[in-house]
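Novice:
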Amino acid sequence: MKITRRDVAGMIDHTLLKQDATELQIKKLCQEAEEYHFASVCVNPCYVAQCAKALKDSPVHVCTVIGFPLGETSTASKAFESQVAIADGADEVDMVVNVGKIKSDNWDYVEKDIQAVVDAAAPTKTLVKVIIETCLLMDEEKIKVCQIAKKCGADFVKTSTGFSTGGAAPEDVALMRKTVGPDMGVKASGGIHTAEEAIACIHAGANRLGVSAGIAVVNGIKEE
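If you're matching positions, the sequence shown starts at 201 in the numbering used here and goes up one per residue.
Laid out in structure tokens, this is it:
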């Protein structure tokens, strides 16, 4: 199946999560997302209101991150952070799981943590993506946390924050897709810099891409 530039653009969360990102850079991010027809902009919570205002007449969604990047904030704070972001205009929230609790085999905590954010998003039907940080997990842990995210009613599972030891690997995307089935979203993020890397993740089963180099990725796709 041939993948077009428009296909890929429609899967991209145009991302700027750097600590030193400025308001001017966020403004440019929104303009680029509109120009290239990206799925969303993905920004830190303090910029949600700015993006929501800039994109109010646009089909481009506003996505933000919750408990980012470590996932070690309390469950209550993740739920509250989600509520504030949604009130500010977020259409999608990408929450980080508590990897330490996974490693502690405390799956009850992991489930309640995810469920709290899903419940916070439910009244507004805000999309929830669950970042599992694949680079830190064994395959059996990846499978189990994906199963829990699906059980909780999350909309997507997502590979990575981009702030840990590794990013999206096609084999992880394939494992996640196999685990959650065809109807749940799978987002590949972290370390996707080229069209080839993006397409490899799409072929592996991703239907959303978290990319800071979205323009380069789209422009790198060869169309006959």
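Virtual Cβ for every residue (Gly too), placed ideally from N, Cα, C.
Have a look at PHE356 and VAL317 and give me their C-alpha separation to the nearest angstrom.
Specialist: Here residue 356 refers to the residue found at position 156 when the sequence shown is read from its first residue. Here residue 317 refers to the residue found at position 117 when the sequence shown is read from its first residue. Distance between the alpha carbons of PHE356 and VAL317 is about 13 Å.
Novice: In whole angstroms, what is the alpha-carbon distance linking ALA320 and VAL310?
Specialist: Indexing the sequence shown from 1 puts residue 320 at position 120. Indexing the sequence shown from 1 puts residue 310 at position 110. Taking the straight line joining both Cα atoms gives about 16 Å.
Novice: In whole angstroms, what separates the C-alpha of ASP305 from that of ASP291?
Specialist: Within the sequence shown, the letter at position 105 stands for residue 305. Within the sequence shown, the letter at position 91 stands for residue 291. For ASP305 and ASP291, the distance between alpha carbons rounds to 32 Å.
Novice: How would you call ASP255, buried or exposed, if buried means at least 16 neighbouring beta carbons within 10 angstroms?
Specialist: Working through the sequence shown from its first residue, we reach residue 255 at position 55. Strictly speaking, residue 255 in this sequence is Leu, with Asp absent from that position. Buried, by the Cβ-count rule.
Novice: What does the Cβ neighbour count give for VAL250, buried or exposed, with the cut at 16 atoms within 10 Å?
Specialist: Within the sequence shown, the letter at position 50 stands for residue 250. The question names Val, but residue 250 in the sequence shown is Gln. Looking at its Cβ environment, which holds 16 or more other Cβ atoms inside 10 Å, GLN250 is buried.
Novice: Anyone know if the C-beta pair for VAL243 and VAL260 falls short of 8 Å?
Specialist: Translated into positions along the sequence shown, residue 243 becomes position 43. Translated into positions along the sequence shown, residue 260 becomes position 60. Taking 8 Å as the Cβ cut-off, VAL243 and VAL260 do not qualify as a contacting pair.
Novice: Check each candidate in LYS378, ALA413, LYS278, VAL262 and name the one with the smallest Cα separation from CYS346.
Specialist: As a position in the sequence shown, residue 346 is number 146, starting the count at 1. The shortest Cα separation from CYS346 among LYS378, ALA413, LYS278, VAL262 belongs to LYS378.
Novice: Determine the extent of the beta strand (DSSP E) in which LYS242 is found, giving its start and end residues.
Specialist: Position 42 of the sequence shown holds residue 242. A small fix is needed here, since residue 242 is Cys in this sequence, not Lys. Start and end: 240 to 243.
Novice: Taking Cβ positions only, does ALA388 come closer than 8 Å to chain B?
Specialist: Included in the structure is just one protein chain, with no chain B present.
Novice: With a threshold of 8 Å on Cβ separation, who are the neighbours of ALA285 within its own chain once the five nearest residues in sequence on each side are excluded?
Specialist: For the purposes of this step, residue 285 is identified with residue 85 of the sequence shown, where counting begins at 1. Closer than 8 Å at the Cβ level, and outside the excluded window around ALA285, lie PRO245, VAL248, THR264, ILE266, VAL293.
Novice: Among LYS325, ASN298, PRO323, ALA322, which residue has its Cα nearest to the Cα of LYS312?
Specialist: For the purposes of this step, residue 312 is identified with residue 112 of the sequence shown, where counting begins at 1. Measuring from the Cα of LYS312, the nearest candidate turns out to be ASN298.
Novice: By DSSP, does LYS303 sit in helix, in strand, or in coil?
Specialist: The count along the sequence shown starts at 1 and reaches residue 303 at position 103. Three-state DSSP puts LYS303 in a helix.
Novice: Considering only the beta carbon of each residue, do GLY401 and ALA388 sit closer than 8 Å?
Specialist: As a first step, residue 401 is located in the sequence shown; it is residue number 201 there, counting from the start. As a first step, residue 388 is located in the sequence shown; it is residue number 188 there, counting from the start. Note on residue identity: the sequence assigns Cys, not Gly, to residue 401. In this structure, ALA388 lies closer than 8 Å to CYS401 by Cβ.
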